[in-house]
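To keep things clear, I will list the structure first and then write my remarks on it.
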Amino acid sequence: MARHKDRREALHIIGAIGSTCAFPFSSDQLFAQHQHPAGTPAPAAAPAAPVSFNAAEFAILSRMADLIIPATDSPGALAAGVPAYIDLVAQRNSEAKRLCVAGTAWLDRQSKKKHGKSFLDLAEAEQVDLLTPLCREADQQRETPPGSELKKSRRPALPVAFFRTVKSLTSDGFFTSQAGLVDTLRYPGNSVHAAFPECIHEH
Amino acid sequence: MIVGSGAAGGTLAAHLAHAGADVAVVEGGPRINTRTDFNTHALPHHFPNRHIPTMKPGKPGFDSERSRGIGGKTLTWNAVAWRYSQRDFKGKAFEGAGEDWPIDYKDIEPYYTAIEREVGVCGNRDGLPDLPDGDFLPPVPMKCTDMTIKKAAEKLGVRVIHVRKATLSRPQGGRPACHFCGNCMAGCDVVAKYNSADVHLAPAMRTGRLTMLPNSIVREVVVNAENRVTGVRYLDHDTLKEGEAQGRVVVVSCACVQSVALLMMSRSSRYPTGLGNSSGQLGKHFIPHFTNGVQCFLTDYIGRPVTNDEGFLDHAYIPSFMHDRKRDYARSFGVQFNYQNRRSVGWARGVPGFGKDFKKAVIDRYPAFVTMSPYGEMIPNPKSFIDLDWKTKDSFGLPRARRNVHYSDNDWKIFHDMTRWVTEIVKTAGAEILATGEAPRTNHELGGARMGNDPKSSVVNGWCQSHDVKNLFVVDGSVFPSASEKNPTHTIMALAARTADYISTQLKKGDV
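From first to last, the protein sequence lines stand for chains A and B. First residue of the first sequence? That's 40 in my numbering, and the numbers climb one at a time after it. First residue of the second sequence? That's 513 in my numbering, and the numbers climb one at a time after it.
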């Protein structure tokens, strides 16, 4: 692996340190190099019963979280405790709670209208089919260029706003968890390096 | 007597104490042990709501916008340390916009050098006219992703340099070199990154001439019938009990907006609109930097293994390059970039789709995520000012300071141009753009008590000394008459060192 030629030039060090320090430290001020302790244990699991939602609402939200970030060769939203996280956020964010309560009811009505049964009783493919148009519209609105007419004129309808909220909370809850951040993404930071590793790629 | 213990207050206190003056520092917040009190190495899932509080449980201080605590904002800053150039100090002379400083680069140059030696600033000597070199420790290598952006920028004729930071790249003065854990702004717990409490104040304590008054929220600087300030009145942070302290000289250094607010609260029959405000200029010319964010994924890195490039956040910088180019606005911008921390994955919610494909898309993009943050210089305008809302009191019963910000036509032109430039650079680097900010956000509060030669149009003189009251000084971002596009803290520290020299000389002469 060759190092880019400019790299050495860029690193050519001309800066010089002044030989005197106006405020020398005595030895009691010495901050020794340290090793970072292992992370503190995760807090105790949240109680099984949700606070913000009834059992039916919570079951739909949990299923949606599972569909949004499923377990694959790495853990998914359920293993990461995302439903409890959504419940916690909804305790402090009344708009998120409102969207989740109204949205789960809407989704179940929609499911009965189309398939004659509750959302939770549908096959996975049918559940995905119900959510896909909501996701598509949410993505389109996000991609709308800033300041465009569409963005100004349209507030997302409840189903789209509901989906976006559940997806956002699922994403936030999962990628901040041990399962998501460490076990899935392999967060590499928070460690001690004697020197910053130099880039060894060809650029 | 110094109000505030951050970059300005800490530097002043240390320099004055070492010069032989007896100094008291009055600070609104508690003592903080940088070794033990911050949640430096916590991860979000240690907390049920996934929000990492700044302080460990039961440790007081700092979870307020005022950053109260000994060390002030230097405890959680990102440590970027630029010298301003002659063009920054004389923008009006160069371009006819804004206001000139009453001092020249050569007046402050020795103090920049002194600060660099004291605090340790790493960086490369790049030989740029608008970004003077200094007495630097070796620079830290750029990240791989920086190299990709550098190559793209160079195609467009734009230079990318090593960042310069008050963070040690090798041990100095009992402090270790940075070990690149990536948590600088959560509070560096080994003091590889400069903070005023450990680097300036703690050593100054050993002179025996420094007294600290923590947890004391100053609500008034007292002026007597002879037009001299005599000291301060403060409230105990916890009991709200009133206290008073006297000093021969009072320096207000409690961070731009709070310094202006304190002077406005210090009303008297001689100064009905605020202490030292005979000019009527106090609070005016508020010129914070404005910034924008462009979030993107560098396609070269999508799907690659994650490497640890947390480093000390940003390692590279795009210095102002528009001064020499044709444009339809005055002043310029610089670009900080790649200073996101990989424990924050808030961008993932913006990745399209759901299900397995969504999850894979996020995993693949994790090593490729980069944020570009250009910073522009605001030109002073009459609609941008600081004032007090006497009707709304904070938890200490003090009126709230209001930040009134209005962007002028020139500011908007810079905003759009800097957004366009960073977008062009990352597109040239082969990036997927995820999101672009639509409106400016402020950072680096500056102005409100500007310095100048004319007592009618400025609050303090070139020594940061009140035009009205000889033994009153104001030293922090509030005295900046123009903002530059560069992070201001190095200049605040250099001004503090220069003012300390002046005060110490005047004290010896008996002139203050």
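Glycine residues also receive a C-beta, built at the ideal position from the N, C-alpha and C atoms. Because the structure is a prediction, the values reported are computed rather than measured.
Per-residue burial, Phe-908/B [other beta carbons within 10 Å of its own, 16 or more giving buried]
Label assigned to Phe-908/B: exposed.
Can you look up Met-659/B in the DSSP assignment and give me helix, strand or coil?
Look at Met-659/B here: in three-state DSSP terms it is helix.
Which of the three DSSP states, helix, strand or coil, is assigned to Asn-983/B?
Secondary structure at Asn-983/B: coil, using DSSP grouped into helix, strand and coil.
With 16 as the cutoff for other CB atoms within 10 Å, does Pro-886/B come out buried or exposed?
Its Cβ being crowded by 16 or more others within 10 Å, Pro-886/B is buried.
Suppose only complete runs of 4+ residues qualify. What are the alpha helix (DSSP H) ranges in the stretch 538 to 602 of chain B, listed by chain order?
Correct list: 598 to 601.
Supposed close pair Ser-790/B, Ser-990/B - CB separation, criterion 8 Å
Your pair Ser-790/B and Ser-990/B does not check out as a contact, with CB atoms roughly 17 Å apart and the cut at 8 Å.
Spatial distance of Asp-147/A from Val-140/A (CA atoms)
A straight line joining the alpha-carbon of Asp-147/A with that of Val-140/A spans about 11 Å.
Is the stretch 615 to 623 of chain B touching the stretch 847 to 859 of chain B, taking contact as three or more C-beta pairs under 8 Å?
Remark: fewer than three beta-carbon pairs, one from each stretch, lie closer than 8 Å, so the stretch 615 to 623 of chain B and the stretch 847 to 859 of chain B are not flagged as touching.
Under 8 Å between the Cβ atoms of Gly-759/B and Leu-775/B?
No, they are not a contact pair.
Residue closest to Arg-877/B, alpha-carbon to alpha-carbon, out of Met-890/B, Gly-541/B, Ile-945/B
Per the Cα distances, Ile-945/B.
Where does Met-834/B fall in DSSP's three states?
Met-834/B: coil per DSSP, three-state reduction.
Using DSSP with H/G/I as helix, E/B as strand and the rest coil, what is Lys-872/B?
Shown here, Lys-872/B sits in a helix according to DSSP, grouped into three states.
Report buried or exposed for Asp-906/B, applying the criterion of at least 16 other Cβ atoms within 10 angstroms of its Cβ.
The residue in question, Asp-906/B, is exposed, as its Cβ has fewer than 16 Cβ neighbours within 10 Å.
Quick check: what's the CA-CA separation for Ile-891/B versus Leu-910/B?
When rounded, the distance between both Cα atoms is 30 Å.
Taking CB distances under 8 Å as the criterion, tell me whether Asn-695/B reaches chain A.
So yes, Asn-695/B belongs to the interface.
Short-range partners of chain A found in the stretch 822 to 843 of chain B, where Cβ spacing is below 7 Å:
Of all residues in the stretch 822 to 843 of chain B, Glu-822, Gly-823 have a Cβ within less than 7 Å of some Cβ in chain A.
Which residue's Cα is closest to the Cα of Asp-980/B: Arg-782/B, His-527/B, Ala-995/B?
Closest by alpha carbon: Arg-782/B.
Since I believe Ala-665/B is in contact with Ile-830/B (beta carbons under 8 Å), could you give me their beta-carbon distance rounded to a whole number of angstroms?
The Cβ separation is near 6 Å, so the contact holds.
Distance check for Thr-586/B and Gly-573/B, CA to CA, integer angstroms please.
The alpha-carbon atoms of Gly-573/B and Thr-586/B are separated by roughly 14 Å.
Please confirm if Asp-126/A has its CB atom under 8 Å from at least one CB of chain B.
The C-beta of Asp-126/A comes no closer than 8 Å to any C-beta of chain B.
Which word fits Asn-965/B, buried or exposed, when buried means at least 16 other C-beta atoms lie within 10 angstroms of its C-beta?
Taking a 10 Å sphere around the C-beta of Asn-965/B, we find fewer than 16 other C-beta atoms and assign the residue as exposed.
Keeping to the same chain, check which residues put their C-beta closer than 8 Å to that of Thr-209/A; ignore five residues upstream and five downstream.
Short of 8 Å from the beta carbon of Thr-209/A, and not among the five residues preceding or following it, lie these beta carbons of its own chain, in chain order: Met-103, Ala-104, Ile-107, Ile-108, Ala-116, Val-121, Ile-125.
Residue nearest to Cys-693/B in terms of C-alpha spacing, selected from Asn-707/B, Val-703/B, Gln-684/B, Ala-520/B:
Comparing Cα positions, the closest option is Val-703/B.
Other residues of its chain near Arg-740/B: CB distance less than 6 Å, five sequence neighbours each side excluded
Within the same chain, Asn-983 come within 6 Å of Arg-740/B by CB-CB distance, once the 5 residues on both sides are set aside.
Neighbour list for Val-167/A in chain B, Cβ cutoff strictly below 9 Å:
Those are Phe-866, Gly-867, listed as they occur along chain B.
Taking contact to mean at least 3 C-beta pairs separated by less than 8 Å, is the stretch 996 to 1011 of chain B in contact with the stretch 839 to 847 of chain B?
With a cut-off of 8 Å, the stretch 839 to 847 of chain B and the stretch 996 to 1011 of chain B count as touching, because enough Cβ pairs lie within range.
Bridge partners of Val-535/B, per DSSP?
DSSP, once it has assigned bridges, lists Leu-722/B as partnering Val-535/B.
Which term fits Lys-1025/B, buried or exposed, when burial requires 16 or more other beta carbons within 10 angstroms of its beta carbon?
Here chain B covers residues 513 to 1024 and nothing more, so residue 1025/B does not appear.
Name the residues in the stretch 214 to 229 of chain A whose C-beta lies less than 9 Å from a C-beta of chain B; which are they?
Closer than 9 Å at the C-beta level to chain B, one finds these residues of the stretch 214 to 229 of chain A: Phe-214, Thr-215, Ser-216, Gln-217, Ala-218, Gly-219, Leu-220, Val-221, Thr-223, Leu-224, Arg-225, Tyr-226, Pro-227, Gly-228, Asn-229.
Cβ contact (3+ pairs, closer than 8 Å) linking the stretch 641 to 661 of chain B and the stretch 223 to 240 of chain A:
With three or more CB-CB distances shorter than 8 Å, the stretch 641 to 661 of chain B counts as touching the stretch 223 to 240 of chain A.
Starting from Ile-615/B, trace the alpha helix (DSSP H) both ways and give me its first and last residue.
DSSP places Ile-615/B outside any alpha helix (DSSP H), giving it a letter other than H or E.
Close beta carbons around Val-672/B, own chain, < 6 Å, minus the five adjacent residues each side:
Within the same chain, Val-672/B has close Cβ partners Lys-662, Ala-665, Ala-828, Ile-830.
Is it buried or exposed, Asn-229/A, if we count other Cβ atoms within 10 angstroms and call 16 or more buried?
Buried, by the Cβ-count rule.
Counting only beta-carbon separations shorter than 8 Å, does Arg-102/A have a partner in chain B?
No, its Cβ sits nowhere closer than 8 Å to a Cβ of chain B.
Sort Ala-1006/B, Leu-649/B, His-553/B, Val-535/B by Cα distance to Val-633/B and report the nearest one.
From the listed residues Ala-1006/B, Leu-649/B, His-553/B, Val-535/B, the smallest Cα separation to Val-633/B is found for Leu-649/B.
Based on the DSSP output, what are the partners of Ile-945/B in its beta bridges?
Per DSSP, Cys-808/B.
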